[in-house]
Amino acid sequence: MRWRSGKPRQAQRTACRFAAWLVLLLGMGTASAQDAAAPRQSLDDAWWTGPMLANSAETLPPGHLLIEPYVYDVSSKGADAFGSRAYVLYGLTERLTVGLIPIIGYNRVSQGPSSSGIGAGDQIVQAQYRLTHFHEGSWLPTLAVQLQETVPTGRYDQLARASDGMGGGAWATALGLNAQSYFWMPNGRLLRMRLNLTRTFSGDAEVTGASVYGTAPGFRGTARPGDAFYIGSSFEYSLTRRWVLALDLFRSHDGASRVNGYTDPLDALPAPVNLRTGASDAYGYAPAVEYSWTPNLGVLLGARVIAGGHNTPRSLTPAIAINYVH
1 MRWRSGKPRQ AQRTACRFAA WLVLLLGMGT ASAQDAAAPR QSLDDAWWTG PMLANSAETL
61 PPGHLLIEPY VYDVSSKGAD AFGSRAYVLY GLTERLTVGL IPIIGYNRVS QGPSSSGIGA
121 GDQIVQAQYR LTHFHEGSWL PTLAVQLQET VPTGRYDQLA RASDGMGGGA WATALGLNAQ
181 SYFWMPNGRL LRMRLNLTRT FSGDAEVTGA SVYGTAPGFR GTARPGDAFY IGSSFEYSLT
241 RRWVLALDLF RSHDGASRVN GYTDPLDALP APVNLRTGAS DAYGYAPAVE YSWTPNLGVL
301 LGARVIAGGH NTPRSLTPAI AINYVH
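Put into structure tokens, the structure is as follows:
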């Protein structure tokens with residue numbers, strides 16, 4: 001992503017300061033524990049499902065499997081985007097976890113026809129390699145690098161209905177750094193904290209006809225989504241062994257998308273088309289409640305709120321997820 005002068009550059013500086021502050025808090029976790037007067041909750045006593053948005057920096061033990069399906073509704077003015085995504089992760093080695101994130105969706109709109117049926121979105125494959133591991137008494141958090149590849153399987157062009165658009169048509173590579181640590185509250189209860197930094201680089205998409213990029217029937221050309229940057233943090237408070245209160249905070253920036261090509265009407269000469277959408281920014285939060293029946297099985301109920309930004313509609317996304325580790 002190319003940061004330009006003005007607001008994007010200011011957002012980058014803000015994100016860097018925010019990231020530095022969060023990393024400092026992650027490292028202070030164990031030091032804060034030394035001052036806790038109350039008996040401290042042990043790490044084994046807290047059962048977590050994970051918050052709504054932030055990725056873990058941990059990896060699965062070799063041969064173990066995590067399955068976490070989400071069901072959600074991105075509700076904005078005049079539209080509902082119902083969807084499901086499932087995290088299917090497998091511990092390949094002690095430090096390496098690989099997996100898939102299958103995504104499906106259905107769009108209901110008030111101004112125009114809704115989707116003709118449930119469709120597949122762009123699918124994601126990922127790998128995460130753990131660099132360090134948190135140990136009680138050490139200042140060092142768990143750190144991991146994550147690589148995700150978006151596979152353009154979702155329908156995005158030759159659309160009879162705009163609401164049938166479920167993907168972007170372009171391969172995209174996301175490189176992220178995940179951090180996770182623990183510290184103890186004055187009452188001895190655990191607070192788990194995560195930090196995610198992700199940058200996404202997009203390729204080109206071949207576009208024909210009406211598409212998610214706003215092109216009309218008869219268009220032929222290419223589209224290039226803008227690169228993106230994301231910073232998010234989460235806080236999870238272990239209320240009891242089974243109950244956890246969670247909160248995510250996030251900010252994102254998407255670069256401008258470019259569309260180049262031509263229209264080829266039947267009764268006229270081809271006309272060049274050059275479109276450019278403006279960059280967008282979004283910020284918001286996601287409160288949630290976690291409940292675990294066992295250390296390996298739990299449920300998450302929460303909602304993501306996009307509270308504001310630039311060129312981004314406000315939205316509310318209630319969601320429920322089941323977390324299972326085998």
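Heads up, the sequence shown is in the numbering used here, so the first residue is 1 and it goes up one at a time.
Ideal Cβ positions, reconstructed from N, Cα and C, are used throughout, including at glycine.
Asked                                                                                                                                                                                 : Found
Let's test the definition: count the other Cβ atoms within 10 Å of the Cβ of A11 and tell me whether it reaches 16, buried, or not, exposed.                                          : Unreliable positioning characterises A11 in this predicted model, as indicated by a pLDDT of 45, which lies under 50. The coordinate reading is nonetheless provided below. So A11 ends up on the buried side.
Can you look up D122 in the DSSP assignment and give me helix, strand or coil?                                                                                                        : coil
Would you mind giving the Cβ-Cβ distance between S114 and D157, rounded to the nearest angstrom? I have them listed as a contact below 8 Å.                                           : S114 to D157, Cβ: 19 Å. No contact.
Secondary structure at D248, three-state DSSP: helix, strand or coil?                                                                                                                 : strand
Measuring straight from C-alpha to C-alpha, what distance separates P225 and G165?                                                                                                    : 15 Å
Which ranges would you report for the beta strand (DSSP E) in the region 188-274 if only whole runs of at least 3 residues count?                                                     : 190-202, 205-208, 219-224, 228-238, 243-254, 258-263
Please state whether the Cβ-Cβ distance between P102 and A127 is less than 8 Å.                                                                                                       : no
What residue from W243, A79, Q111, G169 has the CA that sits closest to A46's CA?                                                                                                     : W243
Can the beta-carbon of Y285 be found closer than 8 Å to that of G308?                                                                                                                 : no
Ignore the nearest five residues each way along the sequence and tell me which others in G91's own chain have a CB closer than 7 Å to its CB.                                         : T59, L60, P61, P62, G63, H64, T97
Figure out for me which residue from T150, S110, P141, E136 has the closest Cα to the Cα of I124.                                                                                     : T150
Taking the CB atoms as reference points, tell me whether Y381 and T317 lie closer together than 8 Å.                                                                                  : In the structure as shown, the chain starts at 1 and stops at 326, and residue 381 therefore has no counterpart that could be examined.
In the DSSP assignment, find the beta strand (DSSP E) that holds P318 and state where it starts and stops.                                                                            : 315-325
Could you tell me the distance, in whole angstroms, from the CA atom of T93 to the CA atom of Y129?                                                                                   : 9 Å
Rounded to whole angstroms, what's the CA-CA distance from T240 to L159? Just pull it up for me.                                                                                      : 50 Å
Please work out which residues of its chain come closer than 6 Å, Cβ to Cβ, to V109, disregarding the five sequence neighbours upstream and downstream, and give them in chain order. : A79, S163
Can you list, in chain order, the residues of its chain whose CB lies under 6 Å from that of N55, leaving out five sequence neighbours each side?                                     : N178, N196
If we count the other Cβ atoms within 10 Å of its Cβ and call it buried at 16 or more, is F201 buried or exposed?                                                                     : exposed
Whose CA, out of A303, P270, N296, lies closest to the CA of A288?                                                                                                                    : A303
Can you give the Cα-Cα distance for R40 and G188, rounded to whole angstroms?                                                                                                         : 4 Å
If you check the beta carbons only, do T152 and A205 fall under 8 Å apart?                                                                                                            : According to the sequence displayed, residue 152 carries Pro and not Thr. Yes, the pair counts as a contact, with Cβ atoms nearer than the cut-off.
So what does DSSP say about S84, is it helix, strand or coil?                                                                                                                         : strand
For Y213 and I231, what's the separation of their Cα atoms in angstroms?                                                                                                              : 25 Å
Per DSSP, which residues does D157 bridge with? Please list them.                                                                                                                     : S211
Could you work out which residue in L53, M185, Y262, S257 is closest to S233 when comparing CA atoms only?                                                                            : L53
In chain order, what residues of the same chain lie with their CB nearer than 6 Å to the CB of H326, ignoring the 5 residues before and after it?                                     : L65
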